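Notes for the one structure printed next.
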């Protein structure tokens, strides 16, 4: 049962990007509760789906843009980049070419997106029974994500818990980013909870920045003191 309309936060726009046949539409079907067919037809252009769900206690409307991986639809997909609050970039562990083309997707997205969306990398077909078929290692994918400054998760498009965890995490990160998500719900209790979550996230970020500044100051002091210490040792 969906919550009353006045309690639902404004739509969060999530894009699912990646090469064709990496499991993007299957993931979306799994998340939205539809039965995943064993054989699916390819997405044509951009399919839009909407689901109201609860993210960290907040009723949110998620609007998904499921994109085709075919090159001929890329101009259409580029037009949607400006709408995205969050992007799930998907590759297939058993198809190395889908991993090798990730950098191209990222460059295109970052060049066209206006609001610097939250980006998350997802490696599909992470089931243990498919380990022997992998052509990309978890370590390699993790290193790529670190290099690009994005988070990385593994999953199976057929595993409800894994898919829900990844998408909920992406939606939650958008919720905690005021520059992306500034909606003000009419329901007071919902608004207070959202404001509290965003404030906590901001305070954690400020605390992390202070700790980093303190560490840098400490390292600078140690580097400055090192020559004096070496000189005194030589004099003794």
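Numbering (our numbering), first residue to last: 53 to 288. Glycine residues also receive a C-beta, built at the ideal position from the N, C-alpha and C atoms. This structure is a prediction, so every number in the text was calculated from the model and none was measured.
Proximity of residue i and residue j at Cβ, strictly below 9 Å
| i | j | result |
| --- | --- | --- |
| residue 117 | residue 172 | no |
| residue 126 | residue 160 | yes |
| residue 75 | residue 168 | no |
| residue 220 | residue 204 | no |
| residue 120 | residue 145 | no |
| residue 26 | residue 107 | In the structure as shown, the chain starts at 53 and stops at 288, and residue 26 therefore has no counterpart that could be examined. |
| residue 141 | residue 157 | yes |
| residue 132 | residue 98 | yes |
| residue 112 | residue 228 | no |
Where the beta strand (DSSP E) containing residue i begins and where it ends
| i | result |
| --- | --- |
| residue 143 | 138 to 144 |
| residue 74 | Run containing residue 74: none; DSSP gives neither H nor E here. |
| residue 102 | 98 to 107 |
Paired residues, beta bridge with residue i - DSSP
| i | result |
| --- | --- |
| residue 67 | 117, 139 |
| residue 203 | 172 |
| residue 110 | 107 |
| residue 61 | 112 |
Nearest neighbour of residue i, chosen from the options [CA to CA]
| i | options | result |
| --- | --- | --- |
| residue 85 | 231, 229, 211, 202 | 211 |
| residue 100 | 107, 129, 179 | 129 |
| residue 201 | 105, 259, 155, 277 | 155 |
| residue 80 | 227, 215, 73, 269 | 215 |
| residue 181 | 199, 132, 259, 207 | 207 |
| residue 152 | 71, 259, 165 | 71 |
| residue 109 | 185, 60, 166, 82 | 60 |
| residue 295 | 198, 83, 104, 149 | No answer is possible for residue 295: the residues shown for the chain start at 53 and end at 288. |
Counted within 10 angstroms of its Cβ, other Cβ atoms place residue i as buried (16 or more) or exposed
| i | result |
| --- | --- |
| residue 138 | buried |
| residue 62 | exposed |
| residue 102 | exposed |
| residue 264 | exposed |
| residue 238 | With a pLDDT of 44 at residue 238, under the threshold of 50, the predicted position of this residue should be treated as unreliable, though the coordinate-derived value follows. It is exposed - the Cβ of residue 238 has fewer than 16 other Cβ atoms within 10 Å. |
| residue 183 | exposed |
| residue 269 | exposed |
Residue i - containing alpha helix (DSSP H), residue span
| i | result |
| --- | --- |
| residue 189 | That residue, residue 189, is in no alpha helix (DSSP H); it is neither H nor E in DSSP. |
| residue 151 | 148 to 152 |
| residue 217 | 212 to 227 |
| residue 182 | Taken as a continuous stretch (DSSP letters only), residue 182 belongs to no alpha helix (DSSP H), as it is neither H nor E. |
| residue 128 | 126 to 130 |
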